[in-house]
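Participant: According to full-length UniProt numbering, the stretch in the sequence shown is residues 1 to 289, in order.
Note that the Cβ used here is the ideal one computed from N, Cα and C, for glycine as well.
Before I ask anything, let me first share the structure, which is written out below as structure tokens.
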Amino acid sequence: MKNNLNIVQLKRNGFLPQRQKDLFSMRIGVTGGHVDAGQLKALADAAEKYGEGYVHITSRQGIEIPFIDLNDTDAVRCNMDDANIRAGVAGKRVRAVVACQGDQVCNHGLIDCQTIAERLDNLYFGADVPYKFKIAITGCPSACLKPQENDLGIMGTVHPKWSKDTCTECGVCIKHCKANAITRSGSTIRIDKDRCILCGDCILACKKDALQAEKIGHTIFVGGKVGKFPREGTKLVELFELEKVYDIVDRTLDLYCKHGREGERLGDVIDRIGIEKCKKGLCKNPHPN
Ligand code: SF4
Ligand code: SF4
Ligand code: SF4
1 MKNNLNIVQL KRNGFLPQRQ KDLFSMRIGV TGGHVDAGQL KALADAAEKY
51 GEGYVHITSR QGIEIPFIDL NDTDAVRCNM DDANIRAGVA GKRVRAVVAC
101 QGDQVCNHGL IDCQTIAERL DNLYFGADVP YKFKIAITGC PSACLKPQEN
151 DLGIMGTVHP KWSKDTCTEC GVCIKHCKAN AITRSGSTIR IDKDRCILCG
201 DCILACKKDA LQAEKIGHTI FVGGKVGKFP REGTKLVELF ELEKVYDIVD
251 RTLDLYCKHG REGERLGDVI DRIGIEKCKK GLCKNPHPN
């Protein structure tokens, strides 16, 4: 048995204490839910050798191997290093970014969520913050990754444009628009911008290419959280270009670290300071382009 048990260091290495004495659930750091086959094999081997033969999939696309004995923590960490598997984080730090497969796999995807997730993880994963900071990236307004429930959520959005030339007036787009944003007036298709949720379903539905993407961009939510005191994320910007999104993420973390009190989530900081003041700092140019 190890002497001078250093729980802080064990947690830093992804070993979270279980309710059972000297047993740990080892959390690994997964980015955007992506784990390659070689890593899966290494995890399976570690679960059999050091755990109880199973892994636990967490609510945020993470993986934990429970029931690791304190005496095995160094050995299992070495095995993980060999398989290029990093430790997960807990406590007052930026957590692993969660993301769907976006436009690289999903038919509805509007943005490349995995690439954004990797870049943000490289920049911020594990950084110290006043409490915790969770980022989610979702490919379209179906919002499978729940961007409104994270401290910062990024969602792909598209502005559709109708062109008369190839439209056959079939009405299929009208049926597919769940927001009831499309109407036909004579031979003209109209899109109500106030109703449109920028989902792109009409573009997918139109087989005549009469509806196309005029602009694809990113909508950002800030201050969302669930748990004991849930708060829905506030929509900050819509249809933003990617490089501007990275600027906003950076400014958001900066604001959180400067103004966040111990134990406060970003949403609490926004409520205390006021969303309008926060908006001024976060998006100096609140309009795309
Ligand atoms: S959010 Fe959209 S792109 Fe992502 S998995 Fe769901 S439907 Fe597909
Ligand atoms: S689905 Fe396409 S072709 Fe049919 S009415 Fe709509 S825009 Fe025109
Ligand atoms: S983008 Fe979505 S909400 Fe907007 S008009 Fe098309 S189907 Fe309707």
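I need the DSSP call for K244, collapsed to helix, strand or coil.
Facilitator: If you number the sequence shown from 1, residue 244 lands on position 244. Reduced to three states, the DSSP call for K244 is helix.
Participant: Contact defined as beta carbons within less than 8 Å: I believe L152 pairs with V249. What is the distance between those atoms, to the nearest angstrom?
Facilitator: Here the question's residue 152 lines up with position 152 in the sequence shown. Here the question's residue 249 lines up with position 249 in the sequence shown. So it is a contact: roughly 6 Å between Cβ atoms.
Participant: Work out the CA separation of G109 and S25 for me, nearest whole Å.
Facilitator: One-based indexing of the sequence shown puts residue 25 at position 25. One-based indexing of the sequence shown puts residue 109 at position 109. Going by the C-alpha atoms only, they are around 34 Å apart.
Participant: With a CB to CB cut of under 6 Å and the five nearest residues on each side skipped, what residues in its chain are close to G260?
Facilitator: Translated into positions along the sequence shown, residue 260 becomes position 260. Closer than 6 Å at Cβ, skipping near neighbours: P130, V269.
Participant: So, do the segment 273-283 and the segment 232-247 have three or more beta carbon pairs nearer to each other than 8 Å?
Facilitator: The segment 273-283 is in contact with the segment 232-247.
Participant: Under 7 Å Cβ to Cβ from T31, same chain only, skipping five residues before and after it: list those, please.
Facilitator: Numbered from its first residue, the sequence shown carries residue 31 at position 31. So the list reads A96, V97, A117, E118, D121, once near-sequence residues are dropped.
Participant: Once the 5 residues before and after G53 are set aside, which same chain residues still bring their CB inside 7 Å of it?
Facilitator: The residue given as residue 53 occupies position 53 in the sequence shown. For G53, where only same-chain residues beyond five positions count, the Cβ hits under 7 Å are A47.
Participant: Curious, which full-length alpha helix (DSSP H) runs of at least 4 residues does the segment 199-268 contain?
Facilitator: Here the runs fully enclosed are 201-205, 242-259.
Participant: Mind checking C140: buried by the 16 CB within 10 Å criterion, or exposed?
Facilitator: As a working note, residue 140 is residue 140 in the sequence shown. Buried, since its Cβ has 16 or more Cβ neighbours within 10 Å.
Participant: In or out: N289 buried (at least 16 other Cβ within 10 Å) or exposed?
Facilitator: Within the sequence shown, numbered from 1, the residue matching residue 289 stands at position 289. Confidence in N289 is poor, its pLDDT being 39 and thus under 50, which makes the residue's placement unreliable; the coordinate value appears in the next sentence. The residue in question, N289, is exposed, as its Cβ has fewer than 16 Cβ neighbours within 10 Å.
Participant: By the three-class DSSP mapping on this structure, what secondary structure does V97 have?
Facilitator: Translated into the one-based positions of the sequence shown, residue 97 becomes position 97. Coil, per DSSP.
Participant: Name the residue from K21, Q20, A37, L10 whose alpha carbon lies nearest to the alpha carbon of R27.
Facilitator: Counted from its first residue, the sequence shown places residue 27 at position 27. Checked all of K21, Q20, A37, L10; the closest Cα to R27 is L10.
Participant: For ligand 2, any of its heavy atoms closer than 7 Å to the Cβ of G171?
Facilitator: The count along the sequence shown starts at 1 and reaches residue 171 at position 171. Yes, ligand 2 has a heavy atom inside 7 Å of this Cβ.
Participant: Using a Cβ-Cβ cutoff of less than 7 Å, which residues in the same chain neighbour K208 once the five nearest sequence positions on both sides are dropped?
Facilitator: If you number the sequence shown from 1, residue 208 lands on position 208. These residues qualify, in order along the chain: T166, C167, T168.
Participant: Looking only at C-alpha atoms, which of R93, H56, D112, K92 sits nearest to Q101?
Facilitator: Against the sequence shown, residue 101 aligns to sequence position 101. Residue D112 is the option with its Cα nearest to Q101.
Participant: Give the secondary structure of D128 by DSSP, where H, G and I count as helix, E and B as strand, and everything else as coil.
Facilitator: Sequence index remark: in the sequence shown, residue 128 carries index 128 (1-based). Correct three-state label for D128: strand.
Participant: Is M1 helix, strand or coil when you go by DSSP?
Facilitator: One-based indexing of the sequence shown puts residue 1 at position 1. Reliability of the predicted coordinates at M1 is poor, the pLDDT of 44 falling under 50, and no value is obtained from them.
Participant: Quick check on the DSSP output: the beta strand (DSSP E) that includes R27 runs from which residue to which?
Facilitator: Here residue 27 is taken as the residue at index 27 of the sequence shown, counted from 1. Note, R27: beta strand (DSSP E), 23-28.
Participant: Determine the direct distance from the alpha carbon of S59 to that of E149, and round the result to whole angstroms.
Facilitator: Indexing the sequence shown from 1 puts residue 149 at position 149. Indexing the sequence shown from 1 puts residue 59 at position 59. Those two C-alpha atoms are separated by around 12 Å.
Participant: Using only the heavy atoms of ligand 3, determine whether one of them is closer than 7 Å to the beta carbon of I216.
Facilitator: The sequence position of residue 216 within the sequence shown is 216, counting from 1. No; taking the cut-off as 7 Å, the Cβ of I216 has no heavy atom of ligand 3 nearer than that.
Participant: Please classify V158: does DSSP put it in a helix, a strand, or coil?
Facilitator: By one-based count along the sequence shown, residue 158 stands at place 158. Strand, per DSSP.
Participant: In or out: K2 buried (at least 16 other Cβ within 10 Å) or exposed?
Facilitator: The sequence position of residue 2 within the sequence shown is 2, counting from 1. Because the pLDDT of K2 is 47, which lies under 50, any placement of that residue in the model is unreliable, and the question is left without a value.
Participant: Expressed to the nearest angstrom, what Euclidean distance is found between the alpha-carbon atoms of I273 and H34?
Facilitator: For the purposes of this step, residue 273 is identified with residue 273 of the sequence shown, where counting begins at 1. For the purposes of this step, residue 34 is identified with residue 34 of the sequence shown, where counting begins at 1. Looking at the two C-alpha atoms, the distance is approximately 36 Å.
Participant: Under 7 Å from any heavy atom of ligand 3, does the C-beta of I189 make it?
Facilitator: Looking up residue 189 in the sequence shown gives position 189. No, Cβ of I189 sits at least 7 Å from all heavy atoms of ligand 3.
Participant: Determine the closest residue to R136 out of I216, A127, L16, K146, with distance taken between C-alpha atoms.
Facilitator: Counting from 1 along the sequence shown, the entry for residue 136 is found at position 136. Looking at the sequence itself, residue 136 is Ala, so the reference to Arg does not match. Comparing Cα-Cα distances from A136 to each of I216, A127, L16, K146, the minimum goes to K146.
Participant: Using three-state DSSP, classify I275 as helix, strand or coil.
Facilitator: Counted from its first residue, the sequence shown places residue 275 at position 275. I275 falls in the helix class under three-state DSSP.
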